[in-house]
Amino acid sequence: MIAALAGGVGAARFLRGLVRVVDPASVTVIVNTADDDRFHGLNVSPDLDTVTYTLAGAEHPEQGWGLAGETFTAMDALDRYGADTWFRLGDHDLATHLYRTRRLDEGATLTEVTAEITAAWGVVPRVVPMSDDRVATRVTVRRPSGEIEVLSMQEWFVRERANPPVVAVDFAGASTASPGPDVLRAIEDAETILVCPSNPVISIGPILAVPGIREALIGRRERVVGVSPIIAGAPVKGPADRLMDPLGIEVSCVGVARAYAEFCGTLVIDSGDAMRAAEVEAAGMRVVVADTLMRDARVAAALAQHTLNAVA
Ligand code: GDP
Ligand code: CA
Numbered sequence: 240m241i242a243a244l245a246g247g248v249g250a251a252r253f254l255r256g257l258v259r260v261v262d263p264a265s266v267t268v269i270v271n272t273a274d275d276d277r278f279h280g281l282n283v284s285p286d287l288d289t290v291t292y293t294l295a296g297a298e299h300p301e302q303g304w305g306l307a308g309e310t311f312t313a314m315d316a317l318d319r320y321g322a323d324t325w326f327r328l329g330d331h332d333l334a335t336h337l338y339r340t341r342r343l344d345e346g347a348t349l350t351e352v353t354a355e356i357t358a359a360w361g362v363v364p365r366v367v368p369m370s371d372d373r374v375a376t377r378v379t380v381r382r383p384s385g386e387i388e389v390l391s392m393q394e395w396f397v398r399e400r401a402n403p404p405v406v407a408v409d410f411a412g413a414s415t416a417s418p419g420p421d422v423l424r425a426i427e428d429a430e431t432i433l434v435c436p437s438n439p440v441i442s443i444g445p446i447l448a449v450p451g452i453r454e455a456l457i458g459r460r461e462r463v464v465g466v467s468p469i470i471a472g473a474p475v476k477g478p479a480d481r482l483m484d485p486l487g488i489e490v491s492c493v494g495v496a497r498a499y500a501e502f503c504g505t506l507v508i509d510s511g512d513a514m515r516a517a518e519v520e521a522a523g524m525r526v527v528v529a530d531t532l533m534r535d536a537r538v539a540a541a542l543a544q545h546t547l548n549a550v551a
């Protein structure tokens with residue numbers, strides 16, 4: 240059995256490779272839900288959907304969210320009413336949110352609804368939310384006036400394009416949240432636990448903030464292996480640097496190593512960062528050097544194999 244901690248795009252690309260080299264039915268993906276929010280009365284779970292759509296081979300190839308070949312007729316129609324449409328939901332993607340919202344309103348848990356959605360997409364790995372309780376990433380920013388303001392993750396990232404300088408990040412609701420029903424068992428039963436190349440602050444951070452999960456990982460530390468989402472001192476995509484730097488995490492594979500060392504025994508870093516291997520080891524981790532830029536599913540599969548071998 241394999242467990243994997245996952246955010247959105249970086250994780251999804253890695254998982255697409257992983258399922259080429261292991262039995263997909265042996266994989267449980269534990270997904271960040273702290274980016275979840277409500278738009279137009281609908282429950283949207285961006286990372287769960289990115290992982291699901293990518294494992295189904297239906298993801299938008301460049302956009303980083305949503306479905307391939309998506310249209311936005313409903314959003315354009317909403318503009319007529321002057322509704323806020325800065326968070327774009329595609330017409331086909333809307334069906335997922337309509338379904339999820341109705342099922343949650345009927346009393347189903349997010350774990351149950353996610354199982355229904357992934358089954359409908361023919362996704363074989365188990366995809367589970369980190370928690371069925373509401374956890375919300377809050378980004379505290381400083382305005383040009385010097386004023387401090389707290390934004391939701393989507394307000395900061397999508398509406399304001401990750402521009403406002405970040406002062407702090409916290410995960411509202413995390414301290415009283417419980418891990419999803421099978422999360423701890425998946426970690427305990429796994430031969431290998433993977434920390435996907437995801438944003439360390441707002442994708443992996445919230446998962447670790449759910450009481451019990453970090454402790455479970457610490458107990459399995461020798462079997463936990465991560466892949467650095469930072470290559471040559473920069474994220475491959477997304478705003479990880481704008482979150483790591485203000486929180487005092489060096490934007491490099493060494494910064495990732497220091498942030499993960501407590502619960503993760505091995506880190507895979509990119510070939511281009513080989514000269515930093517000794518510093519990763521100095522942070523207390525075993526280090527593996529590999530090609531980690533997942534240009535396509537073949538590279539992702541090779542990376543997944545290297546990652547598994549690292550703790551085999
Ligand atoms: P998000 O929720 O969609 O932002 O997704 P994640 O948190 O899973 O992924 C964002 C992180 O994935 C960023 O920090 C990227 O640097 C990283 N990432 C994306 N593609 C790659 C890749 O090909 N290789 C590596 N090593 N990291 C990647
Ligand atoms: Ca995300």
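Quick note on numbering: the working numbering labels position 1 of the sequence shown as 240, and the sequence is numbered without any gaps. Every residue, glycine too, gets a C-beta built ideally from N, C-alpha and C.
Original post:
What is the residue span of the beta strand (DSSP E) that P368 lies within?
Top reply: R365 to P368 is the span of the beta strand (DSSP E), which, as asked, contains P368.
Original post:
Is it the case that the Cβ atoms of I241 and M369 are separated by a distance below 8 Å?
Top reply: With respect to M369, I241 sits apart: the two C-beta atoms are not nearer than 8 Å.
**OP:** Kindly identify the DSSP beta-bridge partner or partners of N282.
**Re:** Answer is R277.
Subject >> Where I488 falls, given that 16 or more other Cβ within 10 Å makes a residue buried >> reply: By the beta-carbon neighbour count (other beta carbons within 10 angstroms, threshold 16), I488 is buried.
Subject >> Contacting residues, own chain, Cβ-Cβ under 8 Å from A425 (five flanking each side not counted) >> reply: The answer, listed in chain order, is M240, A242, T267, I269, R365 and V367.
**OP:** Excluding the 5 residues preceding and the 5 following G192 in the sequence, name in chain order all residues of the same chain whose CB lies nearer than 7 Å to its CB.
**Re:** The shown model of the chain, from 240 to 551, leaves out residue 192, and the question about it has no answer.
Original post:
Comparing the CB of S384 with every heavy atom of ligand 2, is any distance shorter than 7 Å?
Top reply: No, Cβ of S384 sits at least 7 Å from all heavy atoms of ligand 2.
Subject >> Pair within 8 Å by beta-carbon distance, I508 and A516 >> reply: Between I508 and A516, the C-beta gap is smaller than 8 Å, which places the two residues in contact.
**OP:** Decide yes or no for the touch test of the stretch 322-341 against the stretch 401-411: beta carbon pairs closer than 8 Å, at least 3 of them.
**Re:** Cβ pair count under 8 Å is below three, so no.
Subject >> Identity of the residue in D318, R373, L447 and W325 nearest F502 by Cα >> reply: Among D318, R373, L447 and W325, the Cα nearest to that of F502 is on L447.
Subject >> Pairwise C-alpha distance: L254 and E298 >> reply: Looking at the two C-alpha atoms, the distance is approximately 13 Å.
Original post:
Secondary structure at L532, three-state DSSP: helix, strand or coil?
Top reply: In this structure, L532 counts as coil in the three-state DSSP scheme.
Subject >> CB of L506 within 8 Å of CB of V528, strictly >> reply: Cβ distance not < 8 Å, so L506 and V528 don't count as in contact.
Subject >> Boundaries (first-last residue) of the beta strand (DSSP E) holding R377 >> reply: Note, R377: beta strand (DSSP E), A375 to R381.
Original post:
Is the CB-CB distance between P439 and V397 below 8 Å?
Top reply: Not closer than 8 Å, so no.
Original post:
Along the chain, which unbroken stretches of the alpha helix (DSSP H) at least 4 residues long are found entirely within the stretch 393-447?
Top reply: Counting only runs of 4 or more, we get 422-428.
Subject >> Collapsed DSSP secondary structure at R525 in the structure displayed >> reply: If DSSP states are grouped into helix, strand and coil, R525 belongs with the strands.
Subject >> Alpha-carbon to alpha-carbon, M514 and G361 >> reply: Roughly 42 Å between the two C-alpha positions.
Subject >> DSSP state of T505 mapped onto helix, strand, coil >> reply: If DSSP states are grouped into helix, strand and coil, T505 belongs with the strands.
Subject >> Environment of Q393 [buried if 16+ CB atoms lie within 10 Å] >> reply: Buried, because 16 or more other Cβ atoms sit within 10 Å of the Cβ of Q393.
Subject >> Bounding residues of the alpha helix (DSSP H) (the contiguous stretch that carries V495) >> reply: Here the alpha helix (DSSP H) through V495 covers C492 to Y499.
Original post:
Between I469 and ligand 1, is the CB less than 7 Å from at least one heavy atom?
Top reply: At least one heavy atom of ligand 1 lies less than 7 Å from the C-beta of I469.
**OP:** Kindly indicate which residue of V261, E386 and V464 has the alpha-carbon position closest to the one of A245.
**Re:** Minimum Cα distance to A245 is reached at V464.
Original post:
Among V261, V363 and E345, which one has its Cα closest to the Cα of Y292?
Top reply: Each of V261, V363 and E345 was checked against the Cα of Y292, and the nearest Cα belongs to V363.
**OP:** Determine which residues share a DSSP beta bridge with L343 and list them.
**Re:** Its beta-bridge partners do not exist; DSSP assigns none.
**OP:** Select from T415, D288 and D323 the residue whose C-alpha is nearest the C-alpha of A307.
**Re:** A307 has its Cα closest to that of D288, out of T415, D288 and D323.
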